[in-house]
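Heads up: the sequence shown runs through residues 1008 to 1593, numbered per our numbering. Data first, discussion second: the structure below is written as structure tokens.
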Amino acid sequence: MTFRQHPLHPGEQLEIRDFSPYVQEPASPTSLAADKWQLRDYTLLDGTPGRMLAVNALTKDTRHFSSHGMPPVIEIPLNLDGLYSIYFGMPLLDWKPVLPGAPCGVDAALDGEPFINVGPEYGVRHGRILEETNREIFVFFKNARLTHRTLRIRVPFGTFNSLPLGHVRAALSCIRLVRLEDCTPLHARSQVPYPDAEEKKPLIIVCDGFSHYFSFANIGECMDLRLPACYADSDVKIMMTQIAGPTLWKSQITSYMGEGFTEEDLVGKRSGDIRAIRYIQWTVENQQEALRQQAKACHDVGMEFHFSIRANLFFHNDSSKIGDNVEKYMNGRWWQENPDARRDTGCTWKLDYAKEKTRQYFASLFQEAMDNFPIDGINFDFTRWPSVLDPEKDDETLLLTIAREIRALVDAQREKTGRRIQFSMTFVDGYHAGKSLDEQKINFEALMRERLLDFVMVEAWDMKKYCDLAHQYKTPLFAVQDGESIYYPGGFRQDPLWKLPDGRQQDDPEAGEELLAQPDIRSCLTPGELNTVLDRFYTAGADGAAFINRFMGDLTIRDSGCAARVRARAASGEIYGQVKGAYMFF
């Protein structure tokens, strides 16, 4: 079935609401099979009928990094003359279990282009999804000329990720094609014309130290490749991928995640952990390392790619919920072979950064990454707990020593290669750190005074004082939003509605949680709350913003660099690229 016809006039639209011509062997509406699409009949409030795509099931084996056994990719020939905006109708269905981390949308791509996730954006609080169910929500996909084009639809990779859930979930009720004027000045992924460049602030997407758990790909596809595709032609200018203990490549310094692991080592792990290990093993063995593939994908769309190390994120076997053999899995070979680099007191599984051996370890990892991958910057993340620097014995000069050593490394690399590599650091005042920067032995003003950083990233309740200090010493500051409550200085740990319904503090998934009938329903911000906190950042003087743990790609973030537009949306409640439609009846 194709839609070749006389051209629509600008402003006219065409809708596809019956998807039965594109599904060869649909599952029954009550099927729990994960390998077939369901066709569900619905009626809108005004009587309009439709037959939507849906699937809500468990994978047969959530431990394998593959879409084997998933519903097939659907191809829809469009072949319309002219320029169109493409919107997807996507209801939040009243499905069980409730999975706030799993989008109720689809992955979509036009032929010859990479898939990106398209789905309604919503928040969660106290076990409740903050959006209406069983109501069609139209979500902007992209603008494109559709002559001889085919639209491809698949189940979102990432719904069967390491939440550690193994659910397969997708829903698509309508494709709406809106005819545009041929001369409309829009980027492909921009719903509205962008303001002039000087009005926009650059944004950073940080794939944190565990992002490989959320790798959306088959074997042969690099993790997170759809994020550069999602943020092409947007206000997002930097993608930053991070490691914690092990690397994502074959290192001469330490092990990569899962290096040397046997099937016995995988016993007791979360299904997502096993998938991450197998994925990284494959990428290393086939020279498809994440840093290499992600850097290329970013450069292809005009974004920078930076590499980050999250300091101090080491574990001991008795304290982790991840499962057995945690030290080998999470900390890497160097940590195991160098116990003398750890702290002598307190959290003795953490490294002692006053020891030159420890600092040389991190310097060597940064050097190895710069030598082997086409990265544009390196970042040292000091936001983990307990404090990276030991408040009991370290003084404020240690931070300056660390920053000077890494700065010298970066400058030497530029002299050697002629390529500019930026150096940044990330800090958190309060929130999950539970301490001010002063209490963490971080003298922010002294660091700014030495002007060792190309930019700095800070998460803090009072952002203005850090913006003022950074600007005093000509250093750009990116304000960080790391999934925290925007209503309390202590973040979600202080917010009573951020707790789970039974009163427990939410935490990372535990091994075995995927077997529960209803896993924990973890909280997250609404798009409106993102606009509110961004408005605060820009009012305080931030030069841009950095978002951590936004794994699927967000429309809200794409168009969040214009302070005036963000403020207007915060006031009106408008959600960029998302419009509520009619109620649906099944």
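Each residue gets a CB set at the ideal place from its N, CA and C atoms; glycine is no exception. All values derive from a computational prediction rather than experimental measurement.
Worksheet item: Going by C-alpha distance, which of Phe1321, Glu1120, Lys1335 is nearest Cys1237?
Response: Glu1120
Worksheet item: How about the stretch 1543 to 1558 and the stretch 1498 to 1513: do they share at least three Cβ pairs that are nearer than 8 angstroms?
Response: no
Item to complete: Report all residues from its chain with a CB closer than 7 angstroms to the CB of Arg1156; omit the five preceding and five following residues, and keep chain order.
Response: Hits under 7 angstroms: Leu1085, Asn1086, Leu1117, Asp1118.
Fill in: Cβ neighbour criterion (16 or more within 10 Å) applied to Ala1578
Ala1578 is exposed by the Cβ-count criterion.
Worksheet item: Of the residues Ser1038, Lys1149, Pro1056, which one's Cα is nearest the Cα of Phe1593?
Response: Pro1056
Discussion item. Please state the DSSP three-state secondary structure of Phe1592.
Written reply: strand
Worksheet item: Using the rule of at least 16 other Cβ atoms within 10 Å of the residue's Cβ for burial, across every protein chain shown, is Cys1111 buried or exposed?
Response: buried
Discussion item. For a cutoff of 9 angstroms on Cβ pairs, would you count Leu1232 as touching chain D?
Written reply: Note that chain D does not occur in the displayed structure, where there is just one protein chain.
Worksheet item: When the distance is taken between beta carbons, is Pro1483 closer than 9 angstroms to Phe1462?
Response: yes
Item to complete: Look up Thr1533 in the DSSP assignment and say whether it is helix, strand or coil.
Response: coil
Worksheet item: Looking only at its own chain, which residues have a Cβ that is under 8 angstroms from the Cβ of Leu1405, when we skip the five neighbours before and after it?
Response: Tyr1360, Ala1361, Leu1396, Lys1448
Item to complete: Look at the alpha carbon of Ile1528 and the alpha carbon of Phe1389, and state the distance between them as a whole number of angstroms.
Response: 28 angstroms
Item to complete: Please determine, among Ile1260, Gln1294, Phe1095, Gln1525, the residue with the shortest C-alpha to C-alpha distance to Ile1123.
Response: Phe1095
Fill in: Arg1024, DSSP secondary structure in three states
Of the three classes helix, strand and coil, the one that applies to Arg1024 here is coil, per DSSP.
Worksheet item: How is Glu1120 classed by DSSP in three states: helix, strand or coil?
Response: coil
Worksheet item: Measuring CB to CB, does Val1080 end up less than 9 angstroms from Met1097?
Response: no
Discussion item. Going by DSSP, what residue range makes up the beta strand (DSSP E) through Arg1426?
Written reply: Premise fails: Arg1426 is in no beta strand (DSSP E) and is neither H nor E.
Worksheet item: Three-state secondary structure (DSSP) at Asp1088?
Response: Of the three classes helix, strand and coil, the one that applies to Asp1088 here is strand, per DSSP.
Discussion item. Could you compute how far the alpha carbon of Leu1476 sits from the alpha carbon of Ala1283?
Written reply: 40 angstroms
Worksheet item: With Ala1041 and Ala1061 assumed to form a contact (beta carbons below 8 angstroms), what rounded beta-carbon distance in angstroms separates them?
Response: That belief does not hold up - the Cβ atoms of Ala1041 and Ala1061 are roughly 12 angstroms apart, past 8 angstroms.
Discussion item. Helix, strand or coil, according to DSSP, for Cys1474 in the structure here?
Written reply: helix
Worksheet item: Do the stretch 1368 to 1382 and the stretch 1410 to 1428 meet, that is, are 3 or more Cβ pairs less than 8 angstroms apart?
Response: Touching, yes, given that three or more Cβ pairs across the two stretches are closer than 8 angstroms.
Item to complete: Would you mind sorting Glu1536 into buried or exposed? The rule is 16 or more other CB atoms within 10 Å of its CB.
Response: buried
Practice prompt. Assign Thr1154 to one of two classes, buried (16 or more other C-beta atoms within 10 Å of its C-beta) or exposed (fewer than that).
Written response: Looking at its Cβ environment, which holds fewer than 16 other Cβ atoms inside 10 Å, Thr1154 is exposed.
Practice prompt. For Ser1035, count neighbouring Cβ atoms within 10 angstroms of its own Cβ and tell me buried if that reaches 16, exposed if not.
Written response: That one is exposed.
Fill in: Reduced DSSP category for Ser1443 - H, G, I as helix; E, B as strand; rest coil
Correct three-state label for Ser1443: coil.
Item to complete: Pair every Cβ in the stretch 1309 to 1319 with every Cβ in the stretch 1239 to 1257, then say whether three or more of these pairs are closer than 8 angstroms.
Response: yes
Discussion item. With H, G and I counted as helix, E and B as strand and the rest as coil, what does DSSP make of Phe1306?
Written reply: The sequence given here places His at residue 1306; Phe does not occur at that position. Reduced to three states, the DSSP call for His1306 is helix.
Discussion item. Given a cut-off of 9 angstroms on the beta-carbon distance, is the pair Tyr1129 and Leu1099 in contact?
Written reply: yes
Discussion item. With H, G and I counted as helix, E and B as strand and the rest as coil, what does DSSP make of Asp1388?
Written reply: strand
Worksheet item: In terms of DSSP beta bridges, what is Thr1563 paired with?
Response: BP columns for Thr1563 are empty, so no partner.
Item to complete: Using alpha carbons as the reference points, say which of Phe1430, Asn1379, Pro1346 lies closest to Ile1385.
Response: For Ile1385, the nearest C-alpha among the options comes from Phe1430.
Item to complete: Check whether the Cβ atoms of Arg1317 and Gln1249 lie closer than 9 angstroms to each other.
Response: Arg1317 places its beta carbon less than 9 angstroms from that of Gln1249.
Fill in: Length of the line joining the Cα atoms of Ala1028 and Phe1145
The amino acid at residue 1028 is misidentified as Ala; the sequence shows Pro. Spanning the two alpha carbons is a distance of roughly 22 angstroms.
Discussion item. Using a 10 Å radius around the Cβ and a threshold of 16 neighbouring Cβ atoms, would you call Thr1037 buried or exposed?
Written reply: Counting C-beta atoms within 10 angstroms of its own C-beta, Thr1037 has fewer than 16 neighbours from the protein chains shown and is therefore classed as exposed.
Item to complete: Could you pull out every residue in the same chain whose Cβ sits closer than 6 angstroms to the Cβ of Glu1403, ignoring the five residues on either side in sequence?
Response: Lys1448, Asn1450
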